[in-house]
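So in this note's numbering the end of the sequence shown lands on 554, straight run, no missing numbers. Idealized CB from N, CA, C, for every residue including glycine.
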Amino acid sequence: MIQSMTGFGKHVVQLPSKKITVELKSLNSKSLDINARMPATYREKELELRKAIAEELIRGKVDFGLYVEMTGSETTAEVNQNVVRQYMNQLRGIADGDELRLLEMAVRLPDALKTDKDDIDEEEYLTIRESLGKALQEVNRFRTEEGKILEKDFLDRIAGIQKLLTQVEAMDPERLSTIRERLEKAVSDLKTEVDANRFEQELIYYLEKYDITEEKVRLKNHLDYFKETLNSKDSNGKKLGFISQEIGREINTIGSKANYAPMQQLVVQMKDELEKIKEQMLNVL
């Protein structure tokens with residue numbers, strides 16, 4: 270069962286004096302790329318949180334956000350005036366605006382508030398880890414659902430290529446017959462005598478160069494292997510990508526050997542189906 274690299278997960282927990290929100294967004298990427306956004310107080314735990322994310326999501330561009338909102342009346346949070354002033358100066362250099370509006374924007378940015386409590390409460394951290402775990406479950410659930418959509422699309426496109434391959438196989442005898450007639454006519458138009466046995470040998474040699482039997486067999490095997498890999502237990506986008514390359518190689522060879530317009534039209538249609546597979550393949554885990 271394949272999984273998409275696109276996913277979203279969010280979990281919110283309300284503590285006596287604060288609300289903690291964990292949010293995860295993932296997109297496609299060749300490797301794992303985690304961008305973490307969290308209050309400075311929790312930075313000492315960033316590596317542990319990154320490791321937990323990496324163990325679950327494996328690959329993709331991941332935006333991780335940890336947001337803490339103080340809700341209790343006993344909060345010791347204060348405005349970090351120096352940081353807020355720096356934010357306002359930077360915002361003022363980007364766009365005009367009244368001071369009140371700039372202040373509203375500045376206090377929402379990271380580290381605008383400071384607290385006298387620098388140490389992380391262990392129970393609070395356990396709550397954050399539990400919230401992260403639930404958000405990761407949501408991301409994986411999202412990825413699995415998206416993977417089902419991708420899988421159906423892949424199967425439809427592979428079936429399309431197989432149908433076109435069947436038409437290629439049915440057309441092949443006619444193609445070879447047409448090529449043979451074309452060559453015989455070209456020789457007769459020369460109006461010179463040729464050795465019939467030698468001509469027949471050369472003709473057989475020439476037709477063998479246009480034989481696509483091996484390509485048809487290999488293409489059929491690659492298409493079956495693609496479907497088999499789709500049904501495997503683990504999602505393996507890279508492996509499917511390699512198989513897609515092999516499928517493309519056989520289709521291209523058939524096209525180069527065809528020398529017959531109706532068959533080349535079928536090859537173009539197969540290439541079109543394969544390109545759509547490759548586009549979607551970029552999003553498979």
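Report yes if the C-beta distance between residue i and residue j is below 8 angstroms; otherwise report no.
i: Lys-287; j: Val-352; result: no
i: Leu-372; j: Arg-361; result: no
i: Thr-275; j: Arg-412; result: yes
i: Asp-380; j: Ala-305; result: no
i: Leu-445; j: Tyr-475; result: no
i: Val-536; j: Ile-546; result: no
i: Leu-326; j: Ser-295; result: yes
i: Ser-298; j: Gly-329; result: yes
i: Tyr-494; j: Ile-389; result: no
i: Ser-513; j: Met-270; result: no
i: Leu-492; j: Gln-431; result: yes
i: Leu-382; j: Asn-358; result: no
i: Leu-509; j: Thr-498; result: yes
i: Val-331; j: Asp-365; result: no
i: Arg-426; j: Glu-548; result: no
i: Asn-528; j: Ile-418; result: no
i: Leu-551; j: Ser-273; result: no
i: Ile-520; j: Lys-540; result: yes
For the alpha helix (DSSP H) containing residue i, name the first residue and the last one.
i: Leu-316; result: 315-326
i: Arg-487; result: 482-499
i: Asp-503; result: It is not in any alpha helix (DSSP H) - Asp-503 carries neither H nor E in the DSSP assignment.
i: Ile-271; result: Element bounds for Ile-271: n/a, residue is neither H nor E.
i: Lys-247; result: Because the chain in this structure spans residues 270 to 554, residue 247 falls outside the shown range and cannot be described.
i: Val-537; result: 530-550
For residue i, which of the options has the nearest alpha-carbon?
i: Gly-517; options: Lys-485, Ala-309, Asp-503; result: Lys-485
i: Asp-480; options: Asn-505, Val-408, Glu-438, Arg-354; result: Glu-438
i: Gly-402; options: Asn-552, Ser-300, Phe-277, Met-270; result: Phe-277
i: His-280; options: Ser-273, Val-408, Gln-350, Lys-320; result: Val-408
i: Leu-293; options: Glu-391, Val-282, Leu-405, Leu-316; result: Leu-405
i: Val-322; options: Val-291, Met-339, Thr-340, Glu-347; result: It is Ile, not Val, that sits at residue 322 in the sequence shown. Checked all of Val-291, Met-339, Thr-340, Glu-347; the closest Cα to Ile-322 is Val-291.
i: Gln-283; options: Thr-396, Met-550, Glu-391; result: Thr-396
i: Ala-375; options: Gln-355, Glu-414, Glu-391, Ile-363; result: Gln-355
i: Glu-391; options: Glu-414, Asp-441, Lys-314; result: Lys-314
i: Ser-525; options: Lys-478, Phe-511, Gly-506; result: Lys-478
i: Tyr-394; options: Pro-285, Leu-318, Phe-423, Leu-378; result: Leu-318
i: Met-307; options: Thr-340, Glu-324, Ile-289; result: Ile-289
i: Pro-531; options: Lys-454, Leu-434, Glu-415; result: Leu-434
i: Met-440; options: Leu-369, Thr-482, Lys-454, Pro-285; result: Thr-482
i: Ser-501; options: Ser-400, Glu-347, Leu-369, Gly-416; result: Gly-416
i: Gln-533; options: Gln-436, Glu-450, Lys-507; result: Gln-436
Helix, strand or coil, according to DSSP, for residue i in the structure here?
i: Tyr-336; result: strand
i: Gln-436; result: helix
i: Gln-283; result: strand
i: Leu-476; result: helix
i: Thr-310; result: helix
Go to residue i, then tell me how far its beta strand (DSSP E) extends in each direction, as first and last residue.
i: Ile-512; result: Per DSSP, Ile-512 belongs to no beta strand (DSSP E); it is in the alpha helix (DSSP H), 506-527.
* To do: Could I get the ranges of all uninterrupted alpha helix (DSSP H) runs contained in the stretch 347-408, with 4 residues as the minimum, in chain order?
  => 350-363, 368-375
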